[in-house]
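Undergrad:
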Ligand SMILES: [Zn+2]
Ligand SMILES: [Zn+2]
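Residue numbers (our numbering), protein chains in the order written: chain A, -3 to 330; chain B, 54 to 479.
#1: Can you list, in chain order, the stretches of the alpha helix (DSSP H) that have 4 or more residues and sit fully within the region 78 to 153 of chain A?
#2: Identify the contact partners of residue 224/A in chain B, using a Cβ-Cβ distance below 8 Å as the criterion.
#3: For ligand 2, which residues have a Cβ under 7 Å from at least one heavy atom, in chain order?
#4: Kindly say whether residue 421/B, judged by its beta-carbon, lies nearer than 9 Å to any beta-carbon of chain A.
#5: For chain A, check one thing: does any of its Cβ atoms lie closer than 9 Å to the Cβ of residue 66/B?
#6: Looking at the C-beta of residue 134/A, does it have a partner C-beta in chain B at a distance below 9 Å?
#7: Quick check on the burial criterion: 16 or more other C-beta atoms within 10 angstroms. Buried or exposed for residue 88/B?
#8: Look at the alpha carbon of residue 156/A and the alpha carbon of residue 190/A, and state the distance between them as a whole number of angstroms.
#9: Determine which residues of the region 310 to 333 of chain B have a Cβ less than 7 Å from any Cβ of chain A, and write them out in chain order.
#10: Using a Cβ cut-off of 9 Å (strictly closer), state whether residue 372/B contacts chain A.
#11: Compile a chain-ordered list of the residues in the region 142 to 155 of chain A whose CB is closer than 7 Å to at least one CB of chain C.
#12: Buried or exposed: residue 258/A, going by 16 or more other Cβ atoms within 10 Å of its Cβ?
#13: What do you reckon, is the C-beta of residue 481/B under 8 Å from a heavy atom of ligand 1?
#14: Can you look up residue 99/B in the DSSP assignment and give me helix, strand or coil?
#15: Residue 202/B by DSSP, collapsed to three states: which one?
#16: Which residue spans inside the region 75 to 134 of chain B form an unbroken beta strand (DSSP E) run of at least 3?
#17: Between residue 62/B and chain A, is any beta-carbon pair separated by less than 9 Å?
#18: According to DSSP, is residue 52/A part of a helix, a strand, or is it coil?
#19: Classify residue 239/B as helix, strand or coil using the three-state DSSP reduction.
#20: So that I know if they touch, is there some Cβ in chain A lying closer than 9 Å to that of residue 255/B?
#21: On the DSSP letters alone, give me the boundaries of the beta strand (DSSP E) that residue 139/B sits inside.
#22: Can you tell me where the alpha helix (DSSP H) holding residue 194/B begins and where it ends?
#23: Do you know whose CA, among 309/B, 369/B, 349/B, 358/B, lies nearest residue 334/B's CA?
#24: For residue 404/B, decide whether its Cβ has a neighbour in chain A, counting only Cβ atoms nearer than 9 Å.
#25: Tell me residue 175/B's beta-bridge partners as DSSP assigns them.
#26: DSSP on residue 75/A, reduced to helix/strand/coil?
#27: Between the alpha carbons of residue 254/B and residue 213/B, how many angstroms are there, rounded?
#28: Closer than 8 Å is the cut-off here; do at least three beta carbon pairs connect the region 405 to 425 of chain B with the region 75 to 93 of chain B?
#29: Is there a Cβ of chain B sitting closer than 9 Å to that of residue 318/A, yes or no?
#30: Go ahead and label residue 146/A buried or exposed: buried means 16 or more other beta carbons lie within 10 angstroms of its beta carbon, across all protein chains shown.
#31: Any beta carbon of chain A sitting closer than 9 Å to that of residue 367/B?
#32: Could you run through the region 110 to 125 of chain A and flag, in chain order, every residue whose CB is less than 9 Å away from some CB of chain B?
#33: I need the straight-line Cα distance from residue 387/B to residue 128/A, nearest angstrom please.
#34: Per DSSP, which residues does residue 207/A bridge with? Please list them.
#35: As a quick exercise: from 405/B, 385/B, 164/B, pick the residue whose alpha carbon is nearest that of residue 175/B.
#36: For residue 190/A, does the three-state DSSP call read helix, strand or coil?
See below:
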């Protein structure tokens, strides 16, 4: 399975120039100490993570769901921004690899408490941490840590930049359900401007040869996003019948005060996924959502819980992806 | 007997249209002769192969004193200035507290006098506390020695306040300097465009700068004010300034070395050393700005020397403060951007760093005319050197040019007839 998919991914057009120098996928040895985003990964590296996750998926089906891959290692979960789901997923992934975990949570910016992100991380690093998993409200915060710390850094979502493990688990789920990525038509719907999930999806999917269309009101979709290799569309109805996957992004209620669109009602009327719209889609269209869902806003319950939805599968796959990522960066830092 | 005789240099004095190999004699703090000179002197400087220019002037420097003396002081900024070949710098008033009254102006002059290095000329705020609401006491500040007014760091958002400021300062004969940026379009941290979108960083659109500049030019046309636009960063702003000059308005503009050398692509690694306001723009903006310097649309070159501590710049890109320091290395950077590209010859470059800025503030500086203050910068145009921030006189290190290889630097800086800096090595 690994071979088939990684071979096909080599043919994509959007492979960055430096990726050409990568070794053949079969010979790929993971060398990265950090996972900061899908931007820096070659198609072969992305496929390698997916294939590694495939092997870890089996662990969750055992009666004793643990492997000793990271025994004796310490994983620090640095959550400068709330995210119960992502945190639990990483925590469980680390524990299934037999790592010890440290948890740091702080609402809002650490600067307001008088200590900088880097200082906080340096202090935690002094306890002998091997891998930092960082969630932060500021784009680039994981890069700051990665360039200043010996330990591996895994980006668990930074500002409006990337959420690479979410992107990987989305791609993993698409590959699982639809057999491959190359040639797929994927629509990402919602607040593209602020969505790190959108960026990681766009980067990963286009590298593997999918065609991505981003859909949303112009105030939430920067025109310059097209430079990342996707198509921009402001009408959901226009793309419905053409796409294989519809990935609905979460509407972030905290941004409503910003006046980025007139009302929630209008938003859900224009950009919400419902049974009516589903009828106009391809029969086996895959409906995705990174969660947590605002039921009735970006997606109605009949669609969220229907046969085209893979929302819970995404959550399950997230675990395998995060195990793979933790395992690989720890190998890459040896 | 002369105090100083500078022999055999290529003397470039754009204010007087001079460019020839000859001597410059200095006595009692004044230029007494430019021409062949056999007379004796207490000190003879052999300038063979070097350029002898009027002292360089930087209209845009942040000295951080009072308020952030750990980042820079008036004395350290004045030291960095002479090390970089500058004999006069303007101190921006966004200190803590802001320089918005005569006491603050006196303070800057007093500290500058004590340092006795480069001339540090105070700029007063346009509005009280830089709040953009009420005019600061410009008349009293002018009397105390303020050479310009600016709320730098922020633009004056209110059209009404700006109109009154132009009328009032115009009456005093003092220029207003504006940091053009519509505050409502200032939500971002770097240039708006594909790089910002990819990095997930908020963008600052070129239009935010141009909207305020356009408005200001409209107000200048209706008032008597002299107007100077600070750190132009977009090709659109250069075009606006060019058109305004063609219309005969009393306007001038400056550009920094950063906006002549760097683009927003430099932000790709989230290195906050490249976070500057206005932000680094695109390659076509850089090209347009260089050409605007060459054709005289942009009158002067400035550093916007903005010191910040290591701790502050070690924050996430979005949280780190805006600003780059450059006094120590700016001359070499301007040479790289303008002379090495063939866009400007030496007299043009020197004009933009001497007579141009002197004209903006209307002070008798930036010339080697007989009787002028003896502010002189001697430049070795062939000196190859590497920027090493460890050797900077500035107290801060937020400089992205560390490690850059440059050609051309100041070897001697003379202020008021006294040698304040001599390059020792080589
Ligand atoms: Zn400014
Ligand atoms: Zn400034």
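Just so it is clear, CB atoms sit at the ideal spot from N, CA and C, and this is done for glycine as well. Please read these numbers as outputs of a predicted model, since none were measured by experiment.
TA: Well, looking at it:
#1: The region 78 to 153 of chain A contains, as complete alpha helix (DSSP H) runs of 4+ residues, the segments 80 to 92, 113 to 121, 137 to 142 (chain order).
#2: Against the first chain, residue 224/A aligns to sequence position 228. For residue 224/A, the residues of chain B that pass the 8 Å Cβ criterion are 247, 250, 251, in the order they occur in the chain.
#3: Cβ-based neighbours of ligand 2 within the cut-off: 113/B, 115/B, 145/B, 205/B, 206/B, 232/B, 283/B, 284/B, 357/B, 359/B.
#4: As a first step, residue 421/B must be located in the second chain, where it is residue number 368. The beta carbon of residue 421/B sits no closer than 9 Å to any beta carbon of chain A.
#5: Counting from 1 along the second chain, the entry for residue 66/B is found at position 13. For residue 66/B, no CB of chain A lies under 9 Å from its own CB, so it is not counted at the interface with that chain.
#6: Counting from 1 along the first chain, the entry for residue 134/A is found at position 138. Closer than 9 Å: yes.
#7: The residue given as residue 88/B occupies position 35 in the second chain. Burial call: exposed.
#8: By one-based count along the first chain, residue 156/A stands at place 160. By one-based count along the first chain, residue 190/A stands at place 194. Near 5 Å, if we compare the C-alpha coordinates of residue 190/A and residue 156/A.
#9: From the region 310 to 333 of chain B, only 322, 323 have a Cβ closer than 7 Å to chain A.
#10: In the second chain, counting from the first residue as 1, residue 372/B sits at position 319. Residue contact with chain A for residue 372/B: present (Cβ-Cβ distance below 9 Å to some residue of chain A).
#11: Among the protein chains in the structure shown, which are A and B, there is no chain C.
#12: Start at 1 with the first residue of the first chain, and residue 258/A comes out as number 262. With fewer than 16 other Cβ atoms from the protein chains shown falling within 10 Å of its own Cβ, residue 258/A counts as exposed.
#13: What is shown of chain B runs 54 to 479, which leaves residue 481/B out entirely.
#14: Locating residue 99/B in the second chain gives position 46, where the first residue counts as 1. Looking at residue 99/B - three-state DSSP - the assignment turns out to be strand.
#15: For the purposes of this step, residue 202/B is taken as the residue at position 149 of the second chain. Under the three-state reduction of DSSP output, residue 202/B falls in the strand class.
#16: Runs of the beta strand (DSSP E) inside the region 75 to 134 of chain B: 83 to 87, 94 to 99, 104 to 107, 109 to 114.
#17: For this step, residue 62/B is matched to residue 9 along the second chain. No, residue 62/B lies away from the interface with chain A (no Cβ there is under 9 Å from its Cβ).
#18: Here residue 52/A corresponds to residue number 56 of the first chain, with the count starting at 1. The answer is helix: DSSP assigns residue 52/A an H, G or I state.
#19: As a position in the second chain, residue 239/B is number 186, starting the count at 1. DSSP, read as helix, strand or coil, puts residue 239/B in coil.
#20: Here residue 255/B corresponds to residue number 202 of the second chain, with the count starting at 1. With a threshold of 9 Å between beta carbons, residue 255/B makes contact with chain A.
#21: The residue given as residue 139/B occupies position 86 in the second chain. Secondary structure note for residue 139/B: its beta strand (DSSP E) is the uninterrupted segment 139 to 144.
#22: Start at 1 with the first residue of the second chain, and residue 194/B comes out as number 141. It spans 191 to 197 - the alpha helix (DSSP H) in which residue 194/B sits, taken as one unbroken run.
#23: Reading the second chain from its first residue, position 281 is the one you call residue 334/B. Here the closest residue by C-alpha is 309/B.
#24: Taking the first residue of the second chain as 1, we reach residue 404/B at position 351. Among the residues facing chain A, residue 404/B is not included, as its CB has no counterpart in that chain under 9 Å away.
#25: One-based indexing of the second chain puts residue 175/B at position 122. Answer by DSSP bridge pairing, in chain order: 144/B.
#26: Counting from 1 along the first chain, the entry for residue 75/A is found at position 79. The three-state reading of DSSP puts residue 75/A in strand, counting E and B together.
#27: By 1-based counting over the second chain, the position of residue 254/B is 201. By 1-based counting over the second chain, the position of residue 213/B is 160. Approximately 33 Å, taken between the alpha carbons.
#28: Using a Cβ-Cβ distance cut-off of 8 Å, the region 405 to 425 of chain B and the region 75 to 93 of chain B are in contact, since at least three pairs of beta carbons, one from each stretch, lie closer than that value.
#29: Here residue 318/A refers to the residue found at position 322 when the first chain is read from its first residue. For residue 318/A, the answer is no, since every Cβ of chain B falls outside 9 Å of its Cβ.
#30: Within the first chain, the letter at position 150 stands for residue 146/A. Classification for residue 146/A: exposed.
#31: Here residue 367/B corresponds to residue number 314 of the second chain, with the count starting at 1. Yes, residue 367/B lies at the interface with chain A (some Cβ there is under 9 Å from its Cβ).
#32: So the close ones are 112, 113, 114, 115.
#33: The residue given as residue 387/B occupies position 334 in the second chain. The residue given as residue 128/A occupies position 132 in the first chain. Cα to Cα, the separation comes out at about 42 Å.
#34: Along the first chain, read from residue 1 onward, the residue named residue 207/A stands at position 211. The partner list for residue 207/A (beta bridge, DSSP) reads 181/A.
#35: If you number the second chain from 1, residue 175/B lands on position 122. The residue with the shortest Cα to Cα distance from residue 175/B is 164/B.
#36: Looking up residue 190/A in the first chain gives position 194. If DSSP states are grouped into helix, strand and coil, residue 190/A belongs with coil.
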